[in-house]
Amino acid sequence: MTTVGILGGGQLARMMALAGAPLGLRFLVLDSTADACAAQFAPLLEADYRDEAALAEFARRVDVATFDFENVPAESARWLAERVPVFPNPRALSVAQDRLAEKTLFRELGIPVPEFATVDTRDELDAAIAAVGTPCILKTRRLGYDGKGQFRIKSPADADAAWATLGAQAARVGLILEGFVAFQRELSVVAVRGRDGALRAWPLTENWHVDGILSASLAPASADAALQAQALDAARRVAEALDYVGVFALELFLRDGVLVANEMAPRVHNSGHWTIEGAETSQFQNHLRAVLGLPLGDVRAVGHSCMLNWIGEMPAAAPVLAEPGGHWHDYGKSPREGRKVGHATLRAETPAELAAALERVGKALGREAQVAPVITRLR
Ligand code: AMP
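Residue numbers (my numbering): 584 to 962.
See the structure below:
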């Protein structure tokens, strides 16, 4: 009996546990909150990620450890890695936790990135704005997610306002200034690397964000072979440089035919949820196969899929369930503004059928605005 330990007990851990059941796996989740939604399917160890006694118990009870959450303290990951195999490795985790470290790595690997500069003081902000140019975005280096910890700077005159908002964070989590990429589309590549170094990437996914939070994903994205190859090449370089094992995602901006890397998620990713029904093997199952050293599954797309995120509260399920290719995922979380509480995936044989299904669902749920950009892309 193999037990997989997961640090973090959110919906990603929950979907991982569901994907692991057919493999006969057991799970143990470590999370600091009693109502972590993965705990509805797996035993929970409720403790702080820095609690050494809890980490020791966790290490005793699991055969291998992985993450649903990248902001687990790097020192906790390292401590665990001395006692039990941890995938991805703590170095990969710590690079992906820091926007400066990951952009520096991308640049070293020849992967295009926006202009960027580190900012530790108010004076450095002015120098960075001069170096990077406007428009630009000031971001926290660490602990930012879903567009939180970001300030958009349109002209140098916005520097005071940006500093007033984020300056206090400079000492705690560091700041980075990034050039604003005037992208045509946002894409992501979700890839998996096995313990033996085998690498596979699912087809490119196109993503739409609202208020910095993922709203919809379409896969396969309309992208030619050259673009797919560019994404695969970037994923391979990053994974090999970090000796990465497991699933990860690269968030990319498409600007004039070039993929510019925004950030890396060292875990299964929201833009890969469509793979549960829309690919031969899901990101969750392949992540488990990778960390356990099992053969990786095929990552081919099966038809055309669109994932719609439910943020804040769950809509009615019936219109999605009534669709022939409709799939419902309720994470069992209590509703809260800005919180990801579930998603739906619509799958169809053709882009036209997918567009028609999205139109029906969007109308029935009063979510026309959410589905509109996807329908436009499909037609
Ligand atoms: P992030 O938290 O870095 O994923 O940013 C959230 C969203 O903000 C991205 O999905 C983009 O829509 C936008 N964004 C972030 N960084 C940039 C950038 N350098 N240029 C243009 N848009 C950006």
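Glycine residues also receive a C-beta, built at the ideal position from the N, C-alpha and C atoms.
(message) If contact is defined by three or more beta carbon pairs under 8 Å, each pair taking one atom from either stretch, is the stretch 759-778 in contact with the stretch 654-663?
(response) Counting Cβ pairs under 8 Å, fewer than three are found: no touch.
(message) Can you tell me whether residue 944 is buried or exposed? The criterion is at least 16 other CB atoms within 10 Å of its CB, across all chains shown.
(response) As a position in the sequence shown, residue 944 is number 361, starting the count at 1. With 16 or more Cβ atoms within 10 Å of its Cβ, residue 944 is classed as buried.
(message) If distances are taken between C-alpha atoms only, which option among 895, 878, 927 comes closest to residue 918?
(response) Numbered from its first residue, the sequence shown carries residue 918 at position 335. Minimum Cα distance to residue 918 is reached at 895.
(request) Grab the span of the beta strand (DSSP E) containing residue 928 for me, first residue to last. (result) Residue mapping note: residue 928 aligns to position 345 of the sequence shown, counting from 1. Per DSSP, residue 928 belongs to the beta strand (DSSP E) from 923-931.
(message) Tell me the DSSP secondary structure of residue 661 in three-state form.
(response) Taking the first residue of the sequence shown as position 1, residue 661 is located at position 78. Residue 661: helix per DSSP, three-state reduction.
(message) With a threshold of 7 Å (Cβ to nearest heavy atom), would residue 762 be considered close to the ligand FAD?
(response) Only the ligand AMP can be found as ligands here, which leaves the ligand FAD out of the picture.
(request) Counting only runs of 3+ residues fully inside the stretch 686-743, write out the beta strand (DSSP E) ranges in chain order. (result) You should have 699-702, 719-723, 733-736.
(request) Use the C-beta contact count for residue 847: other C-beta atoms within 10 angstroms, 16 or more gives buried, fewer gives exposed. (result) Your numbering for residue 847 matches position 264 in the sequence shown. Residue environment analysis places residue 847 among the buried positions, since at least 16 neighbouring C-beta atoms fall within 10 angstroms of its C-beta.
(request) From the DSSP output, in three-state form, read off residue 853 for me. (result) To locate residue 853, count along the sequence shown from 1; it is residue 270. DSSP places residue 853 in helix when its eight states are reduced to three.
(request) May I have a chain-ordered list of the alpha helix (DSSP H) segments no shorter than 4 residues that lie completely inside the stretch 868-929? (result) 901-904
(message) If distances are taken between C-alpha atoms only, which option among 748, 790, 873, 764 comes closest to residue 715?
(response) As a first step, residue 715 must be located in the sequence shown, where it is residue number 132. It is 764 whose Cα lies nearest to the Cα of residue 715.
(message) Considering Cα atoms alone, identify which of 840, 830, 858 is closest to residue 849.
(response) As a working mapping, residue 849 is identified with position 266 in the sequence shown. Per the Cα distances, 830.
(message) Here's a check: name, in chain order, each residue in its chain whose Cβ is nearer than 8 Å to the Cβ of residue 709, leaving out the five neighbours to either side.
(response) Here residue 709 refers to the residue found at position 126 of the sequence shown. These residues qualify, in order along the chain: 739, 742.
(message) Let me confirm a value: residue 767 is counted as buried when at least 16 other C-beta atoms fall within 10 Å, else exposed. Which label applies?
(response) Indexing the sequence shown from 1 puts residue 767 at position 184. Exposed, by the Cβ-count rule.
(request) Tell me where the alpha helix (DSSP H) around residue 954 begins and ends. (result) For the purposes of this step, residue 954 is identified with residue 371 of the sequence shown, where counting begins at 1. Residues 951-961.
(message) Applying the 10 Å Cβ sphere with the 16-neighbour rule, what's the burial state of residue 614?
(response) Residue numbering aside, residue 614 sits at position 31 when the sequence shown is read from its first letter. Per the 10 Å Cβ criterion, buried.
(message) Can you find the residues in the same chain that come closer than 8 Å, C-beta to C-beta, to residue 690, ignoring five residues on each side of it along the sequence?
(response) To locate residue 690, count along the sequence shown from 1; it is residue 107. Closer than 8 Å at the Cβ level, and outside the excluded window around residue 690, lie 696.
(message) Buried or exposed for residue 909, going by 16 or more other Cβ atoms inside 10 Å?
(response) Against the sequence shown, residue 909 aligns to sequence position 326. Buried.
(request) Identify every run of the alpha helix (DSSP H) within the stretch 600-681, keeping only runs that are complete inside it and at least 4 residues long; order them along the chain. (result) For the stretch 600-681, whole alpha helix (DSSP H) runs of length 4 or above, ordered along the chain, are 635-644, 657-664, 673-679.
(message) By the DSSP assignment, the beta strand (DSSP E) with residue 788 in it spans what residues?
(response) By 1-based counting over the sequence shown, the position of residue 788 is 205. Per DSSP, residue 788 belongs to the beta strand (DSSP E) from 788-793.
(request) Determine, using beta carbons only, whether residue 867 comes closer than 8 Å to chain D. (result) You won't find chain D in this structure, because it holds only one protein chain.
(request) With a cut-off of 8 Å on the beta carbons, I'd call residue 892 and residue 916 a contact; round off their distance for me. (result) Locating residue 892 in the sequence shown gives position 309, counting from the first residue. Locating residue 916 in the sequence shown gives position 333, counting from the first residue. Rounded, the Cβ-Cβ distance is 13 Å, inconsistent with contact.
(message) Taking the straight line between their C-alpha atoms, what separation do you get for residue 876 and residue 808?
(response) Indexing the sequence shown from 1 puts residue 876 at position 293. Indexing the sequence shown from 1 puts residue 808 at position 225. Going by the C-alpha atoms only, they are around 29 Å apart.
(request) Verify whether the separation of the beta carbon atoms of residue 837 and residue 587 is less than 8 Å. (result) Start at 1 with the first residue of the sequence shown, and residue 837 comes out as number 254. Start at 1 with the first residue of the sequence shown, and residue 587 comes out as number 4. Against a cut-off of 8 Å, the Cβ pair of residue 587 and residue 837 comes out as no contact.
(request) Taking 8 Å as the cut-off, decide whether the C-beta atoms of residue 771 and residue 856 are in contact. (result) Within the sequence shown, the letter at position 188 stands for residue 771. Within the sequence shown, the letter at position 273 stands for residue 856. No, the Cβ-Cβ distance between residue 771 and residue 856 is not below 8 Å.
(request) For residue 937, name the three-state secondary structure that DSSP assigns. (result) Taking the first residue of the sequence shown as position 1, residue 937 is located at position 354. Helix at residue 937.
(message) Is residue 629 close to the ligand AMP? I mean its beta-carbon at under 7 Å from any heavy atom of the ligand.
(response) The residue labelled residue 629 in the question sits at position 46 within the sequence shown. No, Cβ of residue 629 sits at least 7 Å from all heavy atoms of the ligand AMP.
(message) By alpha-carbon positions, which one of 600, 593, 897 ends up nearest to residue 869?
(response) Position 286 of the sequence shown, counted from the first residue, corresponds to residue 869. Closest option to residue 869, Cα to Cα, is 600.
(request) For residue 722, count neighbouring C-beta atoms within 10 Å of its own C-beta (all shown protein chains included) and say buried if the count is 16 or more, exposed if not. (result) In the sequence shown, the residue the question calls residue 722 occupies position 139. Its Cβ being crowded by 16 or more others within 10 Å, residue 722 is buried.
(message) By the three-class DSSP mapping on this structure, what secondary structure does residue 825 have?
(response) As a working mapping, residue 825 is identified with position 242 in the sequence shown. Three-state result, residue 825: coil.
(request) Pull up the DSSP beta-bridge partners for residue 838, would you. (result) For the purposes of this step, residue 838 is taken as residue 255 along the sequence shown, with counting starting at 1. DSSP lists 841 as partners of residue 838.
(message) Quick check: does the Cβ of residue 720 come within less than 7 Å of any heavy atom belonging to the ligand AMP?
(response) On the sequence shown, position 137 is the one that residue 720 refers to. Flag set: Cβ of residue 720 near the ligand AMP.
(message) I'd like the list of long-range same chain contacts for residue 593, defined as Cβ closer than 7 Å, with 5 residues on each side in sequence excluded.
(response) Walking along the sequence shown from the start, residue 593 turns up at place 10. Counting only Cβ-Cβ distances below 7 Å, and skipping sequence neighbours, we find 619, 620, 621, 651, 652.
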